[in-house]
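>
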Amino acid sequence: DARVTQTPRDKVTEMGQEVTMRCQPILGHNTVFWYRQTMMQGLELLAYFRNRAPLDDSGMPKDRFSAEMPDATLATLKIQPSEPRDSAVYFCASGLEGRVTDTQYFGPGTRLTVL
Amino acid sequence: AQSVTQPDIHITVSEGASLELRCNYSYGATPYLFWYVQSPGQGLQLLLKYFSGDTLVQGIKGFEAEFKRSQSSFNLRKPSVHWSDAAEYFCAVGAGYNQGGKLIFGQGTELSVKP
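Protein chains in written order, with my numbering: chain F, 10 to 124; chain P, -11 to 103.
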């Protein structure tokens, strides 16, 4: 049963530290999405990629967040420096072809707490 | 611009009762519509989707949704709710062609099921 995996599942860090979250999309999927979920803002799209190229990262605070796909099997989301307001659950999702009809398959999320 | 509205933030139903979750969308062309479910502590999972054809679509776990163009709605229904259906439900619309499969999500409706 193919699944999106995310590591770590939980991360507690102190303000100012660098945080790296990793995502392994389903093999063969060519689109990857990064979302952030909080009680106040709900589900927000941060960035997404197709064939490893960024399509849109307008939802991401540029000064501290960065997203990359070093290869087709790994997507990373980095926060440097982290702040308490970054505390949230971060989800990665992958899609097969980047079409409007695609299903997005979500990972289990990384729960980030910044103290 | 596309948007999705879920008017109900929280709904409580009794186990065995019927359920209807409301979703209204704003989209200039033929919409591509989705319902996702998020169980506590997990990522989102697709329940069903509508692209064209029969306006009543069947999904997993006994859910169905009806597309009504005249009302710009895509309401989710289930005839008899089970305790395991307690979760958060998200309606979404595809952002359009050439958008890499991007989805516009509603704010979600949290469903509680009482015995």
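Idealized CB from N, CA, C, for every residue including glycine.
1. Is there a Cβ from chain F that is less than 8 Å from the Cβ of Gly16/P?
2. Closer than 8 Å between beta carbons: that is the criterion. Which residues of the stretch 69 to 103 of chain P meet it against chain F?
3. Taking Cβ-Cβ distances shorter than 9 Å, what residues in chain P pair up with Pro117/F?
4. Taking its Cβ as the centre, do 16 or more other Cβ atoms sit within 10 Å of Ser(-6)/P, making it buried, or is it exposed?
5. What's the gap between the Cα of Val101/P and the Cα of Arg45/F?
6. Give me, in chain order, the residues of the same chain whose beta-carbon lies closer than 7 Å to that of Leu54/F; leave out the 5 immediate sequence neighbours on both sides.
7. Let me know if Lys66/P comes out buried or exposed under the rule of 16 or more other beta-carbons within 10 Å of its beta-carbon.
8. Quick check on the burial criterion: 16 or more other C-beta atoms within 10 angstroms. Buried or exposed for Asp11/F?
9. Measure the C-alpha to C-alpha separation of Gln26/F and Tyr38/P and round it to an integer number of angstroms.
10. By Cβ distance below 7 Å, which residues in the same chain neighbour Leu34/P in space, the five residues on each side in sequence not counted?
11. Establish whether the CB of Gly51/F and some CB of chain P are separated by less than 8 Å.
12. Which partner residues of Ala75/P appear in the DSSP bridge assignment?
13. Taking 8 Å as the cut-off, does the stretch 68 to 76 of chain P touch the stretch 16 to 35 of chain F (at least 3 CB pairs, one atom from each stretch)?
14. Is it buried or exposed, Arg94/F, if we count other Cβ atoms within 10 angstroms and call 16 or more buried?
15. Bridge partners of Thr82/F, per DSSP?
16. Would you grab the beta carbon distance between Phe74/F and Ile88/F for me? Rounded to a whole angstrom, and I think it's under 8 Å.
17. Considering just the uninterrupted stretch of the beta strand (DSSP E) at Lys71/F, what are its terminal residues?
18. Looking at chain F, is there any beta carbon in it that lies within less than 8 Å of the beta carbon of Phe39/P?
19. So Gly107/F and Arg59/F are in contact, right, with Cβ under 8 Å, and what is the actual spacing, rounded?
20. Check each candidate in Asn86/P, Gly4/P and Thr97/P and name the one with the smallest Cα separation from Ala80/P.
21. Taking the straight line between their C-alpha atoms, what separation do you get for Glu8/P and Lys49/P?
On the basis of the coordinates in this document:
1. no
2. Phe78, Gly82, Ala83, Gly84, Tyr85, Gln87, Gly88, Gly89, Lys90, Leu91, Phe93, Gln95 and Gly96
3. Gly29, Gln30 and Gly31
4. Looking at the sequence provided, one finds Gln at residue -6/P rather than Ser. Buried, by the Cβ-count rule.
5. 27 Å
6. Phe42, Tyr44 and Gly68
7. buried
8. Per the sequence presented here, residue 11/F reads as Ala, with Asp not at that position. When all chains shown are included, Ala11/F counts as exposed.
9. 43 Å
10. Phe22 and Tyr24
11. yes
12. Leu99/P
13. no
14. exposed
15. Looking at the DSSP assignment, Thr82/F forms no beta bridge with any residue, so it has no partner.
16. 6 Å
17. Lys71/F -> no beta strand (DSSP E), and no H or E assigned at all.
18. yes
19. 4 Å
20. Thr97/P
21. 14 Å
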